[in-house]
Every structure is written in C-alpha cells, then in structure tokens.
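The sequence shown begins at 47 in the working numbering and counts up by one.
From the three backbone atoms N, C-alpha and C, an ideal C-beta is built for every residue, glycine too.
Everything below concerns the one structure shown next.
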Amino acid sequence: MQNIILWFVMLLINFGFILYFYKNYGKNGLYAYIPITIILAQIQVNKAIEIGGMSSTLGNIMFASSFLVTDILSEKYGLKAAAKGAKIGLMSNIAATILLQVSVAFEPSTADYSQIAMETLFGPLSRFTAVGLICYWISQNIDIHLFEKLKKRFPENKHLWLRNNGSTMLSQFVDTAIFTYLAFYVSFDFLGFSYVGFYDFKTCLEIFTTTYLMKVVIATFDTPFLYLAKKMHKEGTVQDGKLGEV
C-alpha cells in the first residue's frame with residue numbers, strides 16, 4: 047500500500063512541477079524540465095519495486111512524464127518544437143552518461159564511501175542507460191509524429207485527449223517492449239562489454255505488463271494537466287519567451 051500511495055504522490059508532484067515550469071518559464075521551462083525527467087528516470091530505473099503485488103521498476107513516472115512535456119510542446123508550438131525537446135532530452139542523457147563515466151573513473155580516496163554505489167549505478171556504461179537512450183529516441187519520435195498526425199486529423203480541442211493518449215500509449219507500448227527485452231531478458235555484447243539477461247521470460251512478461259499498465263495510467267492522469275497547460279497559455283498566464291524570475 048505504501049508504494050501505491052508514494053507512486054501517486056510522485057505522479058502528482060511531477061505533473062505539478064511541469065505546470066510550474068511551464069507557467070513561470072514558458073517553452074524554455076519545458077525544455078529545461080526534460081533533462082530532469084530523463085536523467086532521474088535513468089537513475090531510478092535501477093531500482094526494482096512491487097506495485098499491487100507485481101514487479102516493476104522505478105522511473106516509469108519520470109520517463110513517461112517527459113511525453114507530457116513534448117505533447118504540450120506539440121500542441122502549442124508544433125512538431126519542430128517537440129522534436130527539439132526530444133533532442134534536448136537525448137543529448138542531456140548522453141552528456142550525463144559520459145560525465146558520470148568519467149566521475150566513476152576517478153580513483154577514490156580512503157575516506158570515500160560512494161564509489162561502490164556509483165559503480166553499481168553508472169559504470170561501466172549501465173545496460174539500462176544504453177538501452178534507455180535507444181528506447182527514448184525511438185518512442186519519442188513515434189509519439190511526436192503520431193501526435194502531429196492525430197492533430198491534423200482531429201484538430202478540435204475536444205479531441206485533445208485523443209491526441210495525447212493515442213500517441214503516448216502507442217509509443218509507450220513500443221518503448222516498454224523494446225526496453226524490457228533488451229534491458230532484462232536478452233544476452234548480448236555491446237561496445238566490448240558482455241551483458242547477461244537478468245530474468246526469465248515469465249518475469250520479463252510480468253515486468254512488461256506492469257510497466258505498460260503504469261504508463262497507461264500515467265497517460266490517462268496527465269490528460270487533465272495537458273488541458274490545464276493549454277488553458278494557461280490561452281489565458282496568457284504563461285511567461286513565454288523569457289526565463290522569468292525564480
């Protein structure tokens with residue numbers, strides 16, 4: 047029960063921060079929040095949790111919420127703005143990965159207590175990080191282009207929920223399938239490192255099912271926040287075109 051409560055608390059806090067960044071810093075605020083979601087998701091995904099008696103990984107909220115950000119960008123600023131946001135997320139992740147690899151390479155002092163934990167999470171080139179980069183780029187491009195197609199086909203405001211949920215749920219299905227297979231099941235060699243699958247097929251299927259269901263819930267819950275973001279923009283309360291004051 048505690049994990050379920052915390053899951054929804056984190057969900058609401060995260061969506062609240064997205065609206066805060068958007069209202070106070072406009073489009074630039076959304077661009078700034080994308081690296082937060084992506085980098086935290088790649089760290090949190092290393093932690094396995096149980097939700098409702100089923101196995102899953104932490105990080106789903108942060109990762110899936112990045113799609114709310116790009117959906118806001120798609121809805122209000124168009125395909126190019128959303129694509130720019132996706133590129134910012136990708137490059138932020140790559141930059142963080144490289145810099146963390148260098149951090150792990152430093153020889154720790156005798157007084158250090160964090161090296162083992164950092165090596166576990168960040169080096170050498172976390173399997174989750176590498177797979178996450180691939181999945182992020184594929185799923186974001188699916189989401190952005192599908193959102194644009196749905197927007198042209200169903201441009202009315204009453205169909206905003208369809209654009210949001212349709213693009214996100216399909217892209218998240220692809221993302222979850224690829225990530226579960228590459229991160230947890232298959233064994234392979236990558237950049238000179240050998241990776242062995244963590245779980246059997248049954249466990250991976252459970253992780254896939256639970257993870258995707260969570261992302262469906264997240265996509266459903268983020269819809270009102272997308273409407274709120276659009277309403278804020280329409281009412282002129284969004285500080286667009288400037289960073290604003292902290």
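- Judged by their CB atoms, Lys261 and Ala110 are nearer to each other than the 8 angstroms cut-off.
- Per DSSP, Glu281 is not a residue of any beta strand (DSSP E); the alpha helix (DSSP H) it occupies stretches across 247-281.
- With at least 16 other beta carbons inside 10 angstroms of its own, Gln88 counts as buried.
- About 16 angstroms separates the beta carbon of Asp189 from that of Phe271, a gap too long to meet the 8 angstroms contact definition.
- For Ser217, the closest C-alpha among the options Pro154, Ile80, Trp183 is that of Trp183.
- Partner residues in the beta bridge of Met100, as assigned by DSSP, are Ile97.
- Taking C-beta atoms as the reference points, Ile50 and Ile82 fail to come closer than 8 angstroms.
- Counting only runs of 3 or more residues that sit fully inside the region 193-241, the beta strand (DSSP E) segments are 234-236, 239-241, in chain order.
- Linking Leu58 to Val115 through their CA atoms gives a straight-line distance of about 14 angstroms.
- Its chain contains Leu104, Gly105, Met108 as the residues whose beta carbon lies nearer than 7 angstroms to that of Gln90, once the 5 sequence neighbours on both sides are disregarded; these appear in chain order.
- Contact between the region 202-217 and the region 132-142 is absent: fewer than 3 CB-CB pairs across the two stretches fall below 8 angstroms.
- Here Thr257 is not near Thr283, since their CB atoms are 8 angstroms or more apart.
- With contacts defined as CB atoms closer than 8 angstroms, Arg209 and Phe193 qualify as a contacting pair.
- Boundaries of the alpha helix (DSSP H) around Gln90: 48-90.
- Shortest Cα-Cα distance from Asp268 to any of Met47, Gly243, Leu65 involves Leu65.
- Around the CB of Gln186, 16 or more other CB atoms lie within 10 Å, so the residue is classed as buried.
- Going by beta carbons, Phe225 and Cys181 fall inside the 8 angstroms limit.
- By the Cβ test, the region 193-206 is in contact with the region 117-135, since at least three Cβ pairs between them sit closer than 8 angstroms.
- Thr175 is classed as buried because its beta carbon has at least 16 other beta carbons within 10 Å across all chains shown.
- 8 angstroms or more divides the Cβ of Ser149 from the Cβ of Ile253.
- In this structure, the alpha-carbon of Trp207 lies about 11 angstroms from that of Asp117.
- Counting the other CB atoms within 10 Å of its CB gives Ser120 a total of 16 or more, which places it among the buried residues.
- Burial state of Gly62 is exposed, judged by a 10 Å Cβ sphere holding fewer than 16 other Cβ atoms.
- For Ser185, the three-state secondary structure derived from DSSP is helix.
- When the beta-carbon positions are compared, Leu167 and Asn70 stay at least 8 angstroms from each other.
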